[in-house]
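Here the sequence shown is numbered in our numbering, starting from 138 and rising by one per residue.
We treat Cβ as the ideally placed atom computed from N, Cα and C, and that holds for glycine.
None of the values given here were measured: they were computed from a predicted structure.
Notes to accompany the following structure.
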Amino acid sequence: MIEQAEGRLRVTAPMLIANARALLEAGYPLLNCGAQSGELLLDLAGVAELDSSSLSTFFAWQRKATERGVQLRIAHPPASMISLAELYGVSELLPLA
138 MIEQAEGRLR
148 VTAPMLIANA
158 RALLEAGYPL
168 LNCGAQSGEL
178 LLDLAGVAEL
188 DSSSLSTFFA
198 WQRKATERGV
208 QLRIAHPPAS
218 MISLAELYGV
228 SELLPLA
């Protein structure tokens, strides 16, 4: 679902409403791995399918990371995530790497 490797988190599961809660909870403890550098890369290259819940999940992770002093950035966002963010008017809030 989420793999931690080389200072980054890789999401390997679809980011859909059906598994949003599981992804959210799986991601929270992993946000600490960026505490030393103050930055953590969230790699979404392995996400083949997502819906609007992906934005909610990301923003929840971002809030938790900020509380821990970690800047969370997105690498390889799927085009559909960018489109959804633009549709909802939150694209400027996505910290793309």
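Inset, instruction - Put Ala155 into one of helix, strand or coil per three-state DSSP. - result: When secondary structure is reduced to three states using DSSP, Ala155 falls in the helix class.
Legend entry - CB of Pro232 within 8 Å of CB of Arg210, strictly: Taking 8 Å as the Cβ cut-off, Pro232 and Arg210 qualify as a contacting pair.
Inset, instruction - Note down the Cα distance separating Leu153 from Gly144, rounded to an integer number of angstroms. - result: Spanning the two alpha carbons is a distance of roughly 25 Å.
Inset, instruction - Check whether the Cβ atoms of His213 and Ala185 sit closer than 8 Å, and answer yes or no. - result: Going by C-beta atoms, His213 is not nearer than 8 Å to Ala185.
Inset, instruction - Return the residue from the list Val207, Pro166, Met138 and Ile219 that minimises the CA-CA distance to Asp188. - result: Of the listed residues, the one whose Cα sits closest to Asp188 is Ile219.
Inset, instruction - Can you tell me which of the three DSSP states Arg200 falls into? - result: Helix at Arg200.
Inset, instruction - Name the two residues that bound the continuous alpha helix (DSSP H) containing Glu176. - result: Looking at the DSSP string, Glu176 is not in any alpha helix (DSSP H); the run it does join, the beta strand (DSSP E), is Glu176 to Asp180.
Inset, instruction - For Tyr225, I'd like the list of residues in its chain whose CB is within less than 8 Å of its CB, leaving aside the five on either flank, ordered along the chain. - result: For Tyr225, where only same-chain residues beyond five positions count, the Cβ hits under 8 Å are Ser189 and Leu192.
Inset, instruction - Indicate the three-state DSSP secondary structure (helix, strand or coil) for Leu146 in the structure shown. - result: Strand, per DSSP.
Inset, instruction - Would you give the residue range spanned by the alpha helix (DSSP H) that Ala134 belongs to? - result: Residue 134 cannot be examined here, being either before or after the span of the chain that is shown, 138 to 234.
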